[in-house]
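Okay, so here's the structure we're looking at.
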Amino acid sequence: MPSFDTICEANLVEVKNAVENTVKEITTRFDFKGTSASIEIKDKEITLVGDAEFQLTQIEDVLRNKLTKRNVDVRFLDMGDVQKMGGDKVKQVIKVRNGIESELAKKLQKLMKESKLKVQAAIQEDKVRVTGAKRDDLQAAMALIRKEINDVPLSFDNFRD
505 MPSFDTICEA NLVEVKNAVE NTVKEITTRF DFKGTSASIE IKDKEITLVG
555 DAEFQLTQIE DVLRNKLTKR NVDVRFLDMG DVQKMGGDKV KQVIKVRNGI
605 ESELAKKLQK LMKESKLKVQ AAIQEDKVRV TGAKRDDLQA AMALIRKEIN
655 DVPLSFDNFR D
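505 is the number of the first residue of the sequence shown in the numbering used here; add one for each residue after it.
Structure, rendered in structure tokens:
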């Protein structure tokens, strides 16, 4: 039976490169001289540190620009709350989304059932596999997913005929 997987995965190599380019820009920019502005990545978490919330938004803008230049969708970033550190410093943790959360997977499954298309959606760990009898039904399902769910950067993988 024809099938495809719906996934939500960022290219972590490109994300890491974007963070490294952001570090280079922060160290050379005049408005960041003598401040505690920094950015680092560990696993799938990016940590921004600055003297004020305004500085964090500037670092975030630089990061978003670098990600866009590297063709990484900024919707992969899950912005955390700004937290106060010791002294005047503040920090913000940004999580890089990887995998479809169970809530979204259930929403996808429900969408497929209500669509009246002859396809079935099965949740498999952090992806959703959609199977159908005809290739055209699968392509219609892809179009429906793209149309209905636009707040998460979903992509399609493993298309089998």
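Idealized CB from N, CA, C, for every residue including glycine.
Suppose the cutoff is 6 Å on Cβ atoms and the five residues either side in sequence are ignored; what does the same chain contact list for residue i look like?
i      : result
Glu544 : Thr551
Asp661 : Asp509, Ile511
Gln587 : Lys595
Leu658 : Thr510, Cys512
Is it right to say residue i is buried, meaning 16 or more other beta carbons lie within 10 angstroms of its own, or is it exposed?
i      : result
Val519 : buried
Lys570 : buried
Gln559 : buried
Val623 : buried
Ala637 : exposed
Gly538 : exposed
Met589 : exposed
What is the C-beta distance between residue i and residue j, in whole angstroms, given that I count them as a contact (C-beta under 8 Å)?
i      : j      : result
Arg633 : Ala644 : Contact flag wrong, Cβ pair sits at about 16 Å.
Leu612 : Ile649 : 7 Å
Pro506 : Arg639 : 5 Å
Lys593 : Val566 : Actually they do not touch by this definition, with Cβ atoms about 18 Å apart.
Ile604 : Asp630 : 6 Å
Lys610 : Asp582 : Going by Cβ atoms, the distance from Lys610 to Asp582 rounds to 19 Å, so no, they are not a contact pair.
What does residue i pair with, by DSSP beta-bridge criteria?
i      : result
Asn602 : Glu513
Ile550 : Ile545, Ile598
Gly636 : Val623
Lys588 : Val594
Phe508 : Val634
For a test of the three-state rule: what should DSSP assign to residue i, helix, strand or coil?
i      : result
Asp661 : strand
Ile653 : coil
Asp582 : strand
Asp539 : Correcting the residue identity first, residue 539 is Thr in this sequence and not Asp. Three-state DSSP puts Thr539 in coil, outside helix and strand.
Lys631 : strand
Ala647 : helix
Asp565 : helix
Val519 : helix
Asp641 : helix
Note down, in chain order, each residue of its chain lying with its Cβ closer than 7 Å to the Cβ of residue i, except the 5 sequence neighbours on either side.
i      : result
Val576 : Ala514, Asn515, Glu518, Val519, Ala522
Val597 : Glu549, Thr551, Gly584
Val656 : Cys512, Arg579, Leu608
Residues in the same chain with beta-carbon distance under 8 Å from residue i, minus the five sequence neighbours each way, listed in chain order, please.
i      : result
Ser540 : Val553, Gly554, Asp555, Lys593
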